[in-house]
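In the working numbering, the protein residues as written are 108 to 262. Using N, Cα and C, we set each Cβ at its ideal position, and we do this for glycine too. Nothing here was measured: the structure is a model prediction, and the numbers come from that model. Structure record follows, encoded as structure tokens.
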């Protein structure tokens, strides 16, 4: 036991310290950061308050790691709605999990239902991938899809 404490434990601790430094570095975030290319056939929506619109969204994995569906940190497509004038978030949408492992350079098509806010006005729908319990892909440098949304009672 003394030999272990004297020789091996310091080596194990050094390796653990180096791993922690790497995992918290910009290099690690750049290498492991998820990235997506998100496309839809529309660039603006016109909806009545609380009305819904189904969108077919094409999502390509342009990152370096696969998106694995699991309960602990499920990767899903979702959206947030921001008031165009104040830039504050007014709504966060449902999650549509990836149905299978999406490897780098693979593509998946997901159906996303956008629900309009109750209050008429001008909004921006930000469609993005999210890894539950970790981050939105946009927060890690990926570019989300942004769609203008007008909510009007006059429809």
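CB contact flag (residue 252, residue 145, <7 Å): Yes; because the gap between Cβ atoms is below 7 Å, this pair is in contact.
Alpha-carbon to alpha-carbon, residue 223 and residue 133: The predicted position of residue 133 is uncertain, since its pLDDT is 47 and thus under 50; no value can be drawn from it.
Since residue 189 and residue 196 should fall inside the 8 Å C-beta cutoff, what is the C-beta to C-beta distance between them, to a whole number of angstroms? Between residue 189 and residue 196 a beta carbon distance of about 5 Å is seen, short of the 8 Å cut, so the two are scored as contacting.
Could you give the C-beta distance for residue 211 and residue 171, rounded to a whole number, given that I count them as a contact under 8 Å? With a Cβ gap of about 6 Å, residue 211 and residue 171 count as contacting.
Find the nearest neighbour of residue 241 within the set 183, 215 and 152, judged by alpha-carbon distance. When 183, 215 and 152 are compared, the shortest CA-CA separation from residue 241 is found for 183.
Which residues does DSSP list as the beta-bridge partners of residue 221? Residue 221 is bridged by DSSP to 160.
For residue 151, three-class secondary structure by DSSP: Per DSSP, reduced to three states, the secondary structure at residue 151 is strand.
Taking residue 187 as part of the beta strand (DSSP E), name the residues at either end of that continuous run. That run of the beta strand (DSSP E) goes 182-190.
Counting along the chain, where does the beta strand (DSSP E) carrying residue 169 start and finish? Counting along the chain, residue 169 falls outside any beta strand (DSSP E), and DSSP gives it neither H nor E.
Leaving out the 5 sequence neighbours to the left and right, which residues in its chain are closer than 7 Å to residue 213 when beta-carbon positions are compared? These residues qualify, in order along the chain: 168.
Limits of the unbroken beta strand (DSSP E) element including residue 255: Its beta strand (DSSP E) spans residues 252-258.
What residues in its chain sit with their C-beta under 8 Å from that of residue 151, if we drop five residues either side in the sequence? Here residue 151 has 254, 255, 256 and 257 as same chain residues with Cβ atoms under 8 Å from its own Cβ, once five neighbours each way along the sequence are excluded.
Starting from residue 199, trace the beta strand (DSSP E) in both directions and tell me its first and last residue. That run of the beta strand (DSSP E) goes 196-199.
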